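Under my numbering, the sequence shown has 434 at position 375, and the numbering climbs by one with no breaks.
Built from N, CA and C at the ideal position, the CB exists for glycine as well.
Quick caveat: nothing in here was measured; it's all calculated off a predicted structure.
Heads up, the thing below is written out as structure tokens.
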Amino acid sequence: MNDLRAWLETFSCVSRVPFAEPERFAESTDLDLLGHMANCLEGNPLLHSVAVGRADADGVLRPVAAGGPFREHILSDVRVFFAPDHPHARSVSVRALHEGRTLVVADYPRSEYLQHPNLAGWRETLARIGIRWLAAAPMERQGTAWGVLVLAGTRDLPPAELELAATILARFMADSLDLWEAQRRTQDLHRQLRQVAERDPLTDLPNRRALQRVLVTPRALDGAGRTAVVMLDLDDFKAINDELGHQAGDAMLRALAERLCASLRREDFVARYGGDEFVLLLHGCAERNAEEVLSRLEAALARPLALADRQWSMRASMGVALAVDHPAQDAERLLRLADMALYKAKASKGRRECSWCFANAEDLPPKQGAAVSSFSGDEGDLDIHG
Numbered sequence: 060m061n062d063l064r065a066w067l068e069t070f071s072c073v074s075r076v077p078f079a080e081p082e083r084f085a086e087s088t089d090l091d092l093l094g095h096m097a098n099c100l101e102g103n104p105l106l107h108s109v110a111v112g113r114a115d116a117d118g119v120l121r122p123v124a125a126g127g128p129f130r131e132h133i134l135s136d137v138r139v140f141f142a143p144d145h146p147h148a149r150s151v152s153v154r155a156l157h158e159g160r161t162l163v164v165a166d167y168p169r170s171e172y173l174q175h176p177n178l179a180g181w182r183e184t185l186a187r188i189g190i191r192w193l194a195a196a197p198m199e200r201q202g203t204a205w206g207v208l209v210l211a212g213t214r215d216l217p218p219a220e221l222e223l224a225a226t227i228l229a230r231f232m233a234d235s236l237d238l239w240e241a242q243r244r245t246q247d248l249h250r251q252l253r254q255v256a257e258r259d260p261l262t263d264l265p266n267r268r269a270l271q272r273v274l275v276t277p278r279a280l281d282g283a284g285r286t287a288v289v290m291l292d293l294d295d296f297k298a299i300n301d302e303l304g305h306q307a308g309d310a311m312l313r314a315l316a317e318r319l320c321a322s323l324r325r326e327d328f329v330a331r332y333g334g335d336e337f338v339l340l341l342h343g344c345a346e347r348n349a350e351e352v353l354s355r356l357e358a359a360l361a362r363p364l365a366l367a368d369r370q371w372s373m374r375a376s377m378g379v380a381l382a383v384d385h386p387a388q389d390a391e392r393l394l395r396l397a398d399m400a401l402y403k404a405k406a407s408k409g410r411r412e413c414s415w416c417f418a419n420a421e422d423l424p425p426k427q428g429a430a431v432s433s434f435s436g437d438e439g440d441l442d443i444h445g
């Protein structure tokens, strides 16, 4: 392999790292990315070792990433002190960083940089390995000196070629870090915007849009058919708004949201569906277990609530569709069944023994039933609990 082709493959190898596994690097730090770039250079015929160093406030240049046979030794043992009276103060890497230019040193073990008596052991080690040259190139990010790239090799190569290659690699690695940071910021912004778009501003619960996303995920209705879909609606809520005003009505909705969240388990899900209507997904529920949860919800809502210098007891109607009863049904149909059950529960609230009603599949022909908006969305998995 000629040198030009080897350098081209080197640049190509490094350039692929940030984009080869975007999911893997989504939560990576700059140092993670640098480490993978350095590792990909191992075995390169032109390079023996590679390292990236950063200077700290204590006057020490420390390696933060490395590749090659000396990787572990470089990361654990190498420190370059650059106080004026220290033998490393004139090191190639420190000079390159401070002067802002790429430096190449041929016959590095015999160079002036390694002649201090304290460096005799290191000088002999490099000579025994056969290190011929060392190149150090500054890495600039956003106009400031961020770090330094150091390359070493065992083959004699033209200094001009080494200077150009080190400069290009340092610039590319720094630009890759900037690009990846910008991508992470964009992802974070999108995540924040999605969270805002999928939260109800009044109750801080997930909203209908969040419910849509959850219902199209595989875990929304577990395969064993144990999920209970509950539609809950406050009784006589309009009267509260009419008598006490919308501010009191809003306070009641916030209190309802808090009590629902406090009564459910972490794996359950509650969303404000609209107005005074809420949807609950209770995981791992057969009918008896669902009734235990519903009884707990009923008792939690019945606790007195202070509104406008008066004590109120919230009452709600609930319609329940059990996936265990309808294992072949999709999420939209289960919601329609729960909505019909809710209608039954509200219609009988003056004479009922409990505030809920379970759905009956026979009540809902395939193309009939209460109107519920169709659900669509991507396959993202939101595990949101108020």
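Backbone CA spacing between residue i and residue j [nearest angstrom]
i	j	result
residue 59	residue 252	Because residue 59 is not part of the residues shown, which for the chain are 60 to 445, the question remains open.
residue 194	residue 248	39 Å
residue 414	residue 361	11 Å
residue 271	residue 328	12 Å
residue 240	residue 105	30 Å
residue 276	residue 416	26 Å
residue 74	residue 97	11 Å
residue 211	residue 185	10 Å
residue 366	residue 203	59 Å
residue 266	residue 95	40 Å
residue 222	residue 66	12 Å
residue 344	residue 326	12 Å
residue 405	residue 290	11 Å
residue 174	residue 70	33 Å
residue 282	residue 332	Confidence at residue 282 is low in this model, with a pLDDT of 48, below 50, so the placement of that residue should be treated as unreliable; the coordinate-derived value is given next. Those two C-alpha atoms are separated by around 25 Å.
residue 419	residue 400	8 Å
residue 231	residue 156	16 Å
residue 63	residue 220	10 Å
residue 229	residue 208	6 Å
residue 246	residue 255	14 Å
residue 183	residue 150	17 Å
Nearest-angstrom Cβ-Cβ length linking residue i and residue j, presumed shorter than 8 Å
i	j	result
residue 288	residue 380	5 Å
residue 458	residue 205	The requested residue 458 does not occur in the structure, where the chain is confined to residues 60 to 445.
residue 292	residue 335	6 Å
residue 330	residue 397	Not quite, the Cβ-Cβ distance comes to about 13 Å (not below 8 Å), so this is no contact.
residue 133	residue 108	7 Å
residue 213	residue 190	6 Å
residue 285	residue 342	7 Å
residue 377	residue 394	Not really, about 13 Å apart at Cβ, beyond 8 Å.
residue 138	residue 111	Actually they do not touch by this definition, with Cβ atoms about 14 Å apart.
From the options, residue whose alpha carbon lies closest to that of residue i
i	options	result
residue 163	185, 181, 216	216
residue 101	68, 113, 114	68
residue 356	320, 390, 116, 391	320
residue 338	63, 316, 114, 351	316
residue 136	255, 181, 375, 117	181
residue 294	351, 371, 199, 207	371
### Query
So, do the segment 111-126 and the segment 87-95 have three or more beta carbon pairs nearer to each other than 8 Å?
Segments in contact, yes.
### Message
With three or more beta-carbon pairs closer than 8 Å as the criterion, would you say the segment 309-325 touches the segment 255-265?
### Response
Per the Cβ contact rule, the segment 309-325 is in contact with the segment 255-265 (3 or more Cβ pairs under 8 Å).
### Query
Is the segment 126-134 touching the segment 164-179 in the sense that three or more CB pairs, one from each, lie closer than 8 Å?
Between the segment 164-179 and the segment 126-134, the count of Cβ pairs shorter than 8 Å is below three; the stretches do not touch.
### Query
If you scan the segment 220-302 from start to end, which runs of the beta strand (DSSP E) of 3 or more residues do you find wholly inside it?
Counting only runs of 3 or more, we get 287-293.
### Task
Could you tell me which uninterrupted beta strand (DSSP E) segments, each at least 3 residues in length, are contained entirely in the segment 125-179, listed from first to last along the chain?
Listed in chain order, they are 162-165.
### Task
List in chain order: all unbroken beta strand (DSSP E) runs of 3+ residues lying wholly within the segment 303-359.
Complete beta strand (DSSP E) runs here, min 3: 328-333, 336-341.
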